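Under numbering that gives the first Met the number 0, the first residue of the sequence shown carries the number 0, and numbering increases by one thereafter.
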Amino acid sequence: MSALFPRLAFADDRTALVVDGPSGRDVLSYAELAGRAAAHASWLSAEGVKPGDRVGVWAQPHVGTAVALAGNALAGVTSVPLDPRLGAKELAHVLDDAAPARLVAADATAAAGAPTERPTEPVTTRTDTAPREARAADDAPLLVLYTSGTTGAPKGAVLTAAGVGANLDALGRAWEWTDDDAIVHALPLFHVHGLVLGLFGSLRIGGALHHLARFDAALVAAALEDESAGGARVLFAVPTMHHRLADAAEADPAVARGLRAARLLVSGSAGLSLREHRRIAALTERGVHERYGLTETLINCAVPARAAPKPGTVGPPLDSVELRLVDEGGAPLAADDTSTLGEVLVRGPSLFAGYLNRPDATAAAYDAEGWFRTGDLGTWDAEGAVRLAGRRSVDLIKTGGYKVGAGEVEASLLEVPGVAECAVVGRDDADLGQRIVAYVVARPGAELAEDTLIDHVAGELTPHKRPREVRFVDTLPRNAMGKVQKKRLT
Ligand code: MLC
Ligand code: AMP
0 MSALFPRLAF ADDRTALVVD GPSGRDVLSY AELAGRAAAH ASWLSAEGVK
50 PGDRVGVWAQ PHVGTAVALA GNALAGVTSV PLDPRLGAKE LAHVLDDAAP
100 ARLVAADATA AAGAPTERPT EPVTTRTDTA PREARAADDA PLLVLYTSGT
150 TGAPKGAVLT AAGVGANLDA LGRAWEWTDD DAIVHALPLF HVHGLVLGLF
200 GSLRIGGALH HLARFDAALV AAALEDESAG GARVLFAVPT MHHRLADAAE
250 ADPAVARGLR AARLLVSGSA GLSLREHRRI AALTERGVHE RYGLTETLIN
300 CAVPARAAPK PGTVGPPLDS VELRLVDEGG APLAADDTST LGEVLVRGPS
350 LFAGYLNRPD ATAAAYDAEG WFRTGDLGTW DAEGAVRLAG RRSVDLIKTG
400 GYKVGAGEVE ASLLEVPGVA ECAVVGRDDA DLGQRIVAYV VARPGAELAE
450 DTLIDHVAGE LTPHKRPREV RFVDTLPRNA MGKVQKKRLT
């Protein structure tokens, strides 16, 4: 079996990473990344951290984050990437659940502000000259990524190196992704899109990643014209970013020029509307290729690079993925049935190894034949591509490409004294896809301010889970059983 990052074993001076952060640009070649990752792996063994142990990595937009993640992979240690903005409650949950042996950060001073007593240690800036034997991409856990469900706190999806490698290779074939490509993205490094595809994908293919610490349309466009990291540039972005790029490109020809300079523009993590597809196609004469995935399955479908973009579909299943649509009784839909809506089920080598400490939730995620139930609904199109049409549960919200469970936000709001009841929903939003709206019933006599509630959720969970709007109501609509009827909230 191949190593996950083969180029780290035969490292040369080719650029692996360019990170544009608040304090300027950092660049690492493959040789430098390999040396620093090996030094990190040596530090782990000196600290008594063994293969199979977990290490929390504050996913700061920094070259040191890549050093820690690659070094953990070399050492056979499982990485638990942490959103640097995690609030007290969600951070406590993740640390209790994952029980990492150590916490590390490229910028340990910034991480020291996190709401935990646990110390964070700095990622080494040392370099080992002796190259470290690359580990095979095997079934051992590589990553634990926390992802929200409809209720309860986020669950840790365990991903293996073999599963990640198989998915990246299939994407490599679909996108004709080579070591001449530089991926450009401004995504966070603690989710599948920015981390597994953007960072690990570049390192596995042996090309470069040009990472921007924050999304800014003009900076993204400039990076797409910058040839220093690779001969061809590929953009990975969520629909909110494409929407903002289209706005900026319509106002500024330099942004449109940047988008045209890319070899491939990719959108994923949420559906890109036909309107945004059309706007970008008009600006670039090429358009956007969509792909579809989940934390638990990695990427399932992608419009191939050699094909024209196919707005309204997420493309056919990848060649490594088995995918079926099933009706409400669980029977598979015929491939030529282009009108019946079914749930997307998935099988294949890239499926996760289960939720950490949650055998109950893991078992519930599969049907009787071992297919993973995505909860997404769609139809086949005449050419074998999948058209997604929504999700089974209204309690899973996708906002800016982040998955947020209505239940976790409701539980957080209910902690605020003065909140009697609440219901959280996702409302259509031209920018975020969905924006989180909270309906709140105050206790008699309680004075509640919208900002207090929003700041509470941002501070306890993380800012992207905060409601963008709070509507105070006298009662919540309920059915005869007493269950809140979210569809009746207006
Ligand atoms: C505002 N801020 C607050 C706040 N109000 N902070 C604390 N409390 C409050 N009440 C701050 C924010 O922290 C941030 O700070 C700034 O204000 C703006 O934050 P925002 O409004 O939340 O950002 P926004 O503009 O909405 O972000 C849009 C976005 C972001 C597109 C950049 O949503 C994003 O990065 N999305 C990517 C999600 C992603 O990667 N998903 C992949 C999941 S994997 P500051 O300092 O930053 O200005 C997956 C599988 C697959 O889905 O298929 O890929
Ligand atoms: P996450 O749990 O954050 O990995 O989010 C996975 C979910 O994102 C999927 O179940 C889909 O609902 C959604 N998603 C990802 N890619 C797309 C896409 N291209 N179009 C529509 N939805 C998508």
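Each residue gets a CB set at the ideal place from its N, CA and C atoms; glycine is no exception. Nothing here was measured: the structure is a model prediction, and the numbers come from that model.
query	result
Closer than 7 angstroms: Gly291 CB and nearest the ligand AMP heavy atom	A quick correction: the sequence has Tyr, not Gly, at residue 291. Yes, the ligand AMP has a heavy atom inside 7 angstroms of this Cβ.
Bridge-paired residues (DSSP) for Trp57	Leu81
Bridge partners - Gln433, DSSP secondary structure assignment	Asp427
C-alpha gap between Ile453 and Glu132, whole angstroms	49 angstroms
For Lys397, the nearest candidate out of Lys485, Ala281, Ala384 and Leu271 (CA to CA)	Leu271
Own chain residues within Cβ distance below 7 angstroms of Gly229, not counting five before or after	Asp179, Asp180, Ala181, Gly206 and Ala207
Beta strand (DSSP E) segment containing Gly458, residue limits	Premise fails: Gly458 lies in the alpha helix (DSSP H), Glu449 to Glu459, not in any beta strand (DSSP E).
Neighbourhood of Arg390 by C-beta distance below 7 angstroms, restricted to the same chain and skipping five residues each side	Gly374, Asp375 and Leu376
Terminal residues of the alpha helix (DSSP H) in which Asp359 lies	Pro358 to Ala363
Nearest to Gly404 (by Cα), restricted to the options Val143, Thr77, Gly148 and Leu3	Gly148
Alpha carbon of Ala422 to alpha carbon of Ala231, nearest angstrom	47 angstroms
Assigned secondary structure, Arg465 (DSSP; H/G/I helix, E/B strand, else coil)	coil
Stretch pair the segment 207–222 + the segment 156–175: three plus CB contacts closer than 8 angstroms	no
Gly399 beta carbon near the ligand MLC (any heavy atom closer than 7 angstroms)	yes
Identity of the residue in Ala448, Val320 and His39 nearest Val418 by Cα	Ala448
7 angstroms CB neighbourhood of Arg386 in its chain, flanking five on each side removed	Gly311, Thr312, Gly377, Thr378 and Asp380
Check: Thr64 C-beta below 7 angstroms from any heavy atom of the ligand AMP	no
Where the beta strand (DSSP E) containing Tyr354 begins and where it ends	No beta strand (DSSP E) holds Tyr354; DSSP gives it neither H nor E.
Stretch pair the segment 50–69 + the segment 185–194: three plus CB contacts closer than 8 angstroms	yes
Distance cut-off 7 angstroms: Pro462 Cβ against heavy atoms of the ligand MLC	yes
Spatial distance of Trp42 from Gly75 (CA atoms)	13 angstroms
Closest residue to Arg434 among Gly425, Ala384, Ala441 and Gly34 (Cα-Cα distance)	Gly425
Top-ranked residue by Cα proximity to Pro130, from Leu90, Val48 and Ala8	Ala8
Distance CB(Pro331)-CB(Gly314) smaller than 8 angstroms	no
Residue range of the unbroken beta strand (DSSP E) whose run includes Ser227	From DSSP, Ser227 is part of no beta strand (DSSP E); its letter is neither H nor E.
Whole-angstrom distance between Gly347 and Val469, CA atom to CA atom	42 angstroms
C-beta atoms of Ala152 and Glu407 nearer than 8 angstroms	yes
DSSP three-state assignment for Lys49, whether helix, strand or coil	coil
Proximity test, Lys402 beta-carbon vs the ligand AMP heavy atom, cut-off 7 angstroms	yes
CB of Ala104 within 8 angstroms of CB of Val122, strictly	yes
Beta-carbon gap between Ala429 and His242 smaller than 8 angstroms	yes
Same chain, Cβ closer than 7 angstroms to Val66, neighbours up to 5 away in sequence not counted	Leu32, Arg35, Ala36, His39 and Val122
Alpha-carbon spacing of His184 relative to Gly292, whole angstroms	17 angstroms
Residue nearest to Val440 in terms of C-alpha spacing, selected from Glu382, Gly47 and Leu475	Leu475
Buried versus exposed call for Gly70 [16 or more other C-beta atoms within 10 Å across all chains shown]	buried
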